[in-house]
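Heads up, the sequence shown is in the working numbering, so the first residue is 186 and it goes up one at a time.
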Amino acid sequence: MPGEAVTLQLGHYSGCVGAHWWGLQAASLRGAPEPGELRPAALLRFGPGPGGPETPAPRLVALELKGGVGSLGADGAGTEPPVSWDGAVADYRDRAPAGGRSPRDTGSRRGDAAGDGKGNPGAARTGAQDAPSVRLWSDYLNVHLHPKSVYVIRQYLHDGDCGCLEAFGQGESLLQDPACIEELEDRLHFYVEECDYLQGFQVLCDLHNGFSGVGAKVTELLHDEYSRKGILTWGLTPVLSTVGDPRNSFYRLMNTALGIAHLSRHSSLFCPLSLSGSLGIKPEAPVTFPYIKYDASLNYHSSAILAAALDTLTAPYRLCSFQGSMLHFADSLTFSGRKVVAAWAALPFPALSGSSLPDILSAHQQDVPWKLLSSWREQKVSCCFAQSVVLRGTCQEKRSSSCPGQPRSSLHSCESPEQMLQQFLHTQFPGACSTSHVLQQPCHTRPPFPQFFSPLLTRRGFLLDKAQGNSSGGVESIPVLAALRSCPGLRSLLAALCRELRVPKARRCGGSGLEHDDVQEALEELKTLAQCYETGFGASEDEADSE
């Protein structure tokens, strides 16, 4: 039976991704979903409010620091009192300063790509469209939030030279405060108790700062109290600057390593998501997309891409036709102790307008155009243990007008879109345990989603033979191909963190809120995780990384 999920949003960059994600879901409500497509009620609740008798609002608990959201009431619950749901909603909007517009969200704090380590914004990428003036994720949030949604942690500041939540240990300590735990549990129980059937929890958590410690405690709480429910955790990291303070970079590495170890321990599934080329000490060039010209320095841009991927990756357990649960979904990918998975996406999936699905898939038999969104060097994937793949928004016609008579390939002989995709995956990844879904519903990209697309795209995100002229409508939707995979390449990611985070260095981190034993334990857990992805065909050059 299809059920509902509660989402926890931990940290500001997670808020940036979440704001776009809720916007994508709200946009999808403007058209009536076809039977068998996505269930809005899986993540959204409906009740009387300013938007009408059935105003959608996310089933969300968002933890944010002081100054990280717009105008809030003194109790941190919003501009309206935290009463039971009776039609009142909190619309979190930050007011622009008098005489000017709000400063742009450059993402320059604490090592984001816009900064040079001194708070100075970096140069925008050539071809990137200017973003609207945004400073906080609430500046482009276009759904209403229930007053129970936002919990402001007032002990730390969102931005500034001091008073920020920088270290894993600081985040852990916050969730050891009985008052903080009581507040969080009260908000969780509010949403859990109104669910007809609780599938589980989605946790969006900043991985690069002290919120990794918050997430560790939150997932531990969920695991202890809701052990039979799915806990799907997404570790989010903005694009990182190649210039920064080495000390802060090392603390970021420790937050990331400790976060992955703890979050994967208490989650049913953990997936790191980032457009950074690496999560290590020395960040590499960000991921590029052939038909998107985004500015890597803007959290507004990078978080939109991750939100579109997340909306597609989570589609299987939001389908009206889904017969399992979030826990079953996670178990299908994480067997043999492989709790960490990686994400790939083609945004948009390149398809010529009017092409049939078998023709579209046949055009990519040799080189599937998806990009890795989990931050390690390996881009080509020749094998995987298990995968969940979603293709959405493409033409589902079976036959091609250019191939009369006998089918040109095995794809043309398949009876359904699902069979076509499954056959395609079997060819690409023989022997892998693959599940696949084909959705008619595309990913909606109307504003406030950034209009950073190539002029080679139609309004529906299909390819043109040549660039179109001036278009006032922009790109309203795109086809997307996305995959979650358990694959041998994850060993590279986990082993690299072990290699960089050596105990002699960790002993110098007394001011970060981390203990030597915590780092040692994380190293051992990461080593154990990395070994789960060994296939026996490669050298074990990363053995004995801890000292």
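Each residue gets a CB set at the ideal place from its N, CA and C atoms; glycine is no exception.
Exercise. Does DSSP put residue 670 in a helix, a strand or coil?
Worked result: strand
Exercise. With a CB to CB cut of under 6 Å and the five nearest residues on each side skipped, what residues in its chain are close to residue 284?
Worked result: Bear in mind that the predicted position of residue 284 carries a pLDDT of just 36, short of 50, making it too unreliable to give a figure here.
Exercise. With a Cβ-Cβ cutoff of 7 Å, do residue 707 and residue 443 count as a contact?
Worked result: yes
For this session: To the nearest angstrom, report how far apart residue 653 and residue 538 are at their CA atoms.
Result: 14 Å
Problem set entry | Proximal residues to residue 227 (C-beta, below 8 Å), its chain only, five neighbours per side dropped | 187, 188, 189, 190, 384, 502, 503
Exercise. Do the stretch 440–457 and the stretch 415–424 meet, that is, are 3 or more Cβ pairs less than 8 Å apart?
Worked result: yes
Problem set entry | the stretch 389–409 / the stretch 350–366 touching (three or more Cβ pairs under 8 Å) | yes
For this session: Give me the Cα-Cα distance between residue 239 and residue 615, rounded to the nearest whole angstrom.
Result: 46 Å
Problem set entry | Buried or exposed (CB count within 10 angstroms, at least 16 for buried), residue 499 | buried
Exercise. Mind pulling the beta strand (DSSP E) runs of 3 or more residues that sit fully within the stretch 400–483?
Worked result: List check, beta strand (DSSP E) in window: 415–422, 454–459.
Exercise. Mind checking whether residue 388 and residue 481 have CB atoms under 7 Å apart?
Worked result: no
For this session: Have a look at 401, 578, 336 and flag the residue whose alpha-carbon is nearest the alpha-carbon of residue 540.
Result: 578
Problem set entry | Local Cβ density within 10 Å of residue 382, reported as buried at 16 or more and exposed below that | exposed
For this session: Grab me the residues of residue 609's own chain with a C-beta within less than 7 Å of its C-beta, minus the 5 sequence neighbours each way, in chain order.
Result: 546, 596
Exercise. Residue 241 by DSSP, collapsed to three states: which one?
Worked result: strand
Exercise. Where do the N-terminal and C-terminal ends of the alpha helix (DSSP H) with residue 339 fall, by residue?
Worked result: No alpha helix (DSSP H) holds residue 339; the beta strand (DSSP E) holding it covers 335–342.
Problem set entry | residue 194, enclosing alpha helix (DSSP H) - first and last residue | Counting along the chain, residue 194 falls outside any alpha helix (DSSP H), though it belongs to the beta strand (DSSP E) covering 189–195.
Exercise. On the three-state DSSP scale, how would you describe residue 391?
Worked result: strand
For this session: Return the CA-CA distance between residue 570 and residue 339, expressed in angstroms with no decimal places.
Result: 44 Å
For this session: State the Cα-Cα distance for the pair residue 618 and residue 572, rounded to the nearest angstrom.
Result: 6 Å
Problem set entry | Member of 598, 522, 516, 555 whose CA lies at the smallest distance from the CA of residue 474 | That would be 555, whose Cα lies nearest to the Cα of residue 474.
Problem set entry | Sequence-distant residues of the same chain with beta carbon closer than 6 Å to residue 536, five excluded per side | For residue 536, where only same-chain residues beyond five positions count, the Cβ hits under 6 Å are 545, 579, 647, 664.
For this session: Pick helix, strand or coil for residue 386, following the three-state DSSP scheme.
Result: The three-state reading of DSSP puts residue 386 in strand, counting E and B together.
For this session: State the DSSP-derived secondary structure class of residue 529, mapped to helix, strand or coil.
Result: strand
Exercise. What separation, rounded to the nearest whole angstrom, lies between the Cα atoms of residue 668 and residue 715?
Worked result: The alpha-carbon separation between residue 668 and residue 715 amounts to approximately 20 Å.
Exercise. In terms of alpha-carbon separation, which member of 213, 490, 361 lies closest to residue 557?
Worked result: 490
For this session: Closer than 8 Å by C-beta to residue 703: which residues in its own chain qualify, once you throw out the five before and the five after it? Chain order, please.
Result: 353, 354, 443
Exercise. With DSSP run on the structure shown, which of helix, strand or coil describes residue 553?
Worked result: coil
Problem set entry | residue 712 (DSSP reduced to helix, strand or coil) | helix
Exercise. Pick from 620, 458, 666, 603: whose alpha carbon is nearest that of residue 513?
Worked result: 620
Exercise. On the three-state DSSP scale, how would you describe residue 637?
Worked result: coil
For this session: Name the two residues that bound the continuous beta strand (DSSP E) containing residue 130.
Result: Here the chain comprises residues numbered 186 to 732, so residue 130 is not present and cannot be evaluated.
Problem set entry | Endpoints, the beta strand (DSSP E) within which residue 624 is located | 618–624
Exercise. Taking 7 Å as the CB-CB limit, is residue 600 close to chain B?
Worked result: In the structure shown, chain B cannot be found, because there is only a single protein chain.
Exercise. If we count Cβ pairs, one from each stretch, closer than 8 Å, do we get three or more for the stretch 324–332 versus the stretch 202–209?
Worked result: yes
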